[in-house]
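K.L.:
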Amino acid sequence: MANDDHHQDSDSLGGDDTRRQMASLRMRKYRSLKKEEFRRIEDECRSLQQTLHHLLRQRAHSGGDPPPATSRMIQREVHHSIAEQVARHTRHLRHEVEANYKLAFCLRDWVASQHPAPSLTPQMPWIYATLSANPDVRWAGLQWLSERLLHTANSVVPQHPMDVRGGDAIHVSVHSPDHTDDPIASGAMEFHFQFYIVFVPFSDVVSALVLLNSQRAFVVPDVVACQMVEEANSLRYTYAANPHNGVTLRQVTALFHTPDSTRAVLTSAKVTDDEMYPLQDGEVRSHGFGWCGRQLGNHCSHSVRRTVAESVGPNITTIRGSTLYYAPISTTGPISFEEVGDLFGVDHRQYRCRSDLIAQVQSQAEATVTACFRRHVHALRHHLDGKVTSPGDAIHARALADHAKTGATISTATLRPAMSSTWE
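Take the sequence shown: its letters are residues 0 to 423, numbered as in numbering that gives the first Met the number 0.
Here is the structure:
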């Protein structure tokens with residue numbers, strides 16, 4: 000065994016010596032070629048210098064210009080020397096061009112032989128972020144996720160689907176498989192609402208929405224109570240579970256204020272991957288994100304999920320909001336559209352035609368979620384209306400709102416009690 004090891008070491012050392020010798024020979028050959036080229040150039044330069052000196056001596060001895068024949072000979076020699084140098088340089092450039100041409104063809108063939116890489120998807124990768132269980136970085140991750148949602152919300156839904164001049168309204172739509180090829184977007188639900196007029200100060204609206212968001216949450220297909228898991232400053236981590244179907248929700252909310260205090264934005268991210276609370280076998284967890292914003296002034300911002308409260312006058316606020324819920328997630332990925340139908344009480348086995356199943360699930364989901372959110376929003380409206388300072392303020396606020404809407408002149412005839420909400 001020792002002899003074998005010694006033999007292998009000897010072979011390895013011998014191979015290294017051979018490589019070094021070959022490299023040394025190549026270097027010697029290269030240096031030799033360079034020396035020969037340098038000597039050739041020196042000889043040529045020396046020859047030209049001798050010719051020049053000889054001609055200068057002849058001119059000095061003759062005391063005048065050289066004869067025409069000598070002058071023509073000098074010109075021919077100079078032209079010949081220049082032509083040789085140009086020819087050598089041209090040959091060198093041609094060799095370089097040919098080498099680059101061959102390299103370009105090789106690169107073209109190599110690129111053509113590669114399989115094309117998949118293009119970037121329109122999905123936002125940060126919505127698949129995993130929360131770390133490390134306490135040193137966990138809250139930084141929650142803050143980053145909320146800030147990322149805040150900064151990208153405007154580009155997700157640039158326009159609100161409802162008319163800003165309409166009355167109180169809600170709208171629910173369900174994305175079916177015939178509208179998208181994305182398994183996560185299949186079965187996704189959009190919810191939009193607006194309170195045209197709320198006779199409540201801006202700060203009270205902010206407090207009410209933050210409180211409501213931390214106490215209640217939509218877990219398919221119901222609004223259920225939440226429990227606080229973690230809380231620090233404006234960050235809240237809540238948990239909820241639907242007792243009827245077992246669907247769970249883990250949600251991170253954060254409240255942001257602009258430097259001039261003219262807008263407050265409440266972000267909401269449904270967490271699917273959390274190292275501290277991983278998905279269990281058989282668990283189905285809600286997936287989605289959004290924000291809620293309350294703004295002072297005459298312009299509203301929009302997002303995937305947001306509530307914009309706009310100041311119309313003293314103690315008058317308008318609120319608009321949107322929410323997007325993706326298909327819930329299990330340990331195997333997004334649940335199928337058939338499983339989404341099961342959550343709404345639609346048995347897919349009773350439908351032979353898939354288009355009929357899609358239509359039934361869409362209809363049942365929209366009806367169920369609309370009724371659920373209508374009760375939820377009515378409760379919010381009732382809570383906010385209970386904060387109206389006085390009937391006189393409400394009457395005056397309604398008149399100001401009508402004036403802002405129509406541009407008509409305000410008179411005592413236009414002052415009337417606040418009307419009840421009208422729902423679409």
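Positions of the beta carbon are idealized from the N, C-alpha and C atoms, including for glycine.
Since the structure is predicted, the reported quantities are computational estimates derived from the model, not experimental observations.
Would you kindly work out how many angstroms separate the C-alpha atoms of residue 198 and residue 256, rounded to a whole number?
P.N.:
Taking the first residue of the sequence shown as position 1, residue 198 is located at position 199. Taking the first residue of the sequence shown as position 1, residue 256 is located at position 257. The alpha-carbon atoms of residue 198 and residue 256 are separated by roughly 22 Å.
K.L.:
Could you tell me whether the stretch 266-278 touches the stretch 322-341, where touching means 3 or more Cβ pairs closer than 8 Å?
P.N.:
Taking a contact to require three or more Cβ pairs closer than 8 Å, the stretch 266-278 and the stretch 322-341 qualify as touching.
K.L.:
Counting only the same chain and skipping the five closest in sequence on each side, list residues whose C-beta sits under 8 Å from that of residue 19.
P.N.:
Indexing the sequence shown from 1 puts residue 19 at position 20. Counting only residues of its own chain and dropping the five nearest sequence neighbours on each side, residue 19 has no CB closer than 8 Å to any other CB.
K.L.:
Using the DSSP secondary-structure output, state which residues sit across from residue 249 in a beta bridge.
P.N.:
Counted from its first residue, the sequence shown places residue 249 at position 250. The partner list for residue 249 (beta bridge, DSSP) reads 238.
K.L.:
Excluding the five sequence neighbours on either side, which residues of its own chain have a C-beta within less than 8 Å of the C-beta of residue 207, listed in chain order?
P.N.:
By 1-based counting over the sequence shown, the position of residue 207 is 208. Excluding sequence neighbours, residue 207 sits near 199, 379, 382, 383 and 386.
K.L.:
Compare the C-alpha of residue 132 against each of 282, 213, 347 and 277 and name the closest.
P.N.:
Within the sequence shown, residue 132 is the residue found at index 133, counting from 1. Per the Cα distances, 277.
K.L.:
In whole angstroms, give me the CA-to-CA distance for residue 72 and residue 54.
P.N.:
Reading the sequence shown from its first residue, position 73 is the one you call residue 72. Reading the sequence shown from its first residue, position 55 is the one you call residue 54. Taking the straight line from one Cα to the other gives about 11 Å.
K.L.:
Taking only the alpha-carbon atoms, compute the straight-line gap between residue 327 and residue 134 and give it to the nearest angstrom.
P.N.:
Residue 327 sits at position 328 when you count from the first residue of the sequence shown. Residue 134 sits at position 135 when you count from the first residue of the sequence shown. The straight-line gap from Cα to Cα measures roughly 27 Å.
K.L.:
Looking at the unbroken beta strand (DSSP E) that takes in residue 169, where does it start and where does it end?
P.N.:
Sequence index remark: in the sequence shown, residue 169 carries index 170 (1-based). Following the DSSP letters along the chain, one finds residue 169 inside the beta strand (DSSP E) bounded by residues 168-173.
K.L.:
Would you mind working out which of 38, 287, 175 and 346 sits nearest residue 252, comparing C-alpha positions?
P.N.:
Taking the sequence shown and counting its residues from 1, the one referred to as residue 252 is at position 253. Cα-wise, what sits closest to residue 252 is 287.
K.L.:
For residue 32 and residue 97, I'd like the C-alpha separation in whole angstroms.
P.N.:
Counted from its first residue, the sequence shown places residue 32 at position 33. Counted from its first residue, the sequence shown places residue 97 at position 98. In a straight line, the C-alpha of residue 32 is about 22 Å away from that of residue 97.
K.L.:
For residue 229, which residues does DSSP report across the bridge?
P.N.:
Taking the first residue of the sequence shown as 1, we reach residue 229 at position 230. Beta-bridge pairing links residue 229 to 236.
K.L.:
At a cut of 8 Å, does the stretch 355-367 reach the stretch 332-343 through at least three beta carbon pairs?
P.N.:
yes
K.L.:
Residue 348 to residue 371, Cα distance in whole Å?
P.N.:
Indexing the sequence shown from 1 puts residue 348 at position 349. Indexing the sequence shown from 1 puts residue 371 at position 372. Looking at the two C-alpha atoms, the distance is approximately 26 Å.
K.L.:
What did DSSP end up calling residue 277 once you bin it into helix, strand or coil?
P.N.:
Taking the first residue of the sequence shown as position 1, residue 277 is located at position 278. Three-state result, residue 277: coil.
K.L.:
Mind checking whether residue 239 and residue 218 have CB atoms under 8 Å apart?
P.N.:
Locating residue 239 in the sequence shown gives position 240, counting from the first residue. Locating residue 218 in the sequence shown gives position 219, counting from the first residue. Yes. Within cutoff.
K.L.:
Could you spell out where the alpha helix (DSSP H) holding residue 336 opens and where it closes?
P.N.:
Here the question's residue 336 lines up with position 337 in the sequence shown. First-last of the alpha helix (DSSP H) with residue 336: 336-342.
K.L.:
Spell out the partners DSSP gives residue 328 in its beta bridges.
P.N.:
Locating residue 328 in the sequence shown gives position 329, where the first residue counts as 1. The partner list for residue 328 (beta bridge, DSSP) reads 284 and 333.
K.L.:
Residue 369 by DSSP, collapsed to three states: which one?
P.N.:
In the sequence shown, counting from the first residue as 1, residue 369 sits at position 370. Here residue 369 sits in helix by DSSP.
K.L.:
On the CB-based measure, 16 or more other CB atoms within 10 Å of its CB, does residue 29 come out buried or exposed?
P.N.:
As a first step, residue 29 must be located in the sequence shown, where it is residue number 30. Looking at its Cβ environment, which holds fewer than 16 other Cβ atoms inside 10 Å, residue 29 is exposed.
K.L.:
For the candidate residues 201, 80 and 210, whose alpha-carbon lies nearest to that of residue 40?
P.N.:
Here residue 40 corresponds to residue number 41 of the sequence shown, with the count starting at 1. When each option's Cα is compared against that of residue 40, the closest is 80.
K.L.:
Measure the Cβ-Cβ separation of residue 330 and residue 280 and say whether it is below 8 Å.
P.N.:
Taking the first residue of the sequence shown as position 1, residue 330 is located at position 331. Taking the first residue of the sequence shown as position 1, residue 280 is located at position 281. Yes, these two residues count as a Cβ contact at 8 Å.
K.L.:
On the criterion of 16 or more Cβ atoms from any shown chain inside 10 Å, does residue 188 qualify as buried, or is it exposed?
P.N.:
Position 189 of the sequence shown, counting from 1, holds the residue named residue 188. The residue is buried, with at least 16 neighbouring Cβ atoms inside 10 Å.
K.L.:
Can you tell me whether residue 112 is buried or exposed? The criterion is at least 16 other CB atoms within 10 Å of its CB, across all chains shown.
P.N.:
Counting from one through the sequence shown, the residue named residue 112 turns up at place 113. By the neighbour-count rule (16 or more Cβ atoms within 10 Å), residue 112 is not buried but exposed.
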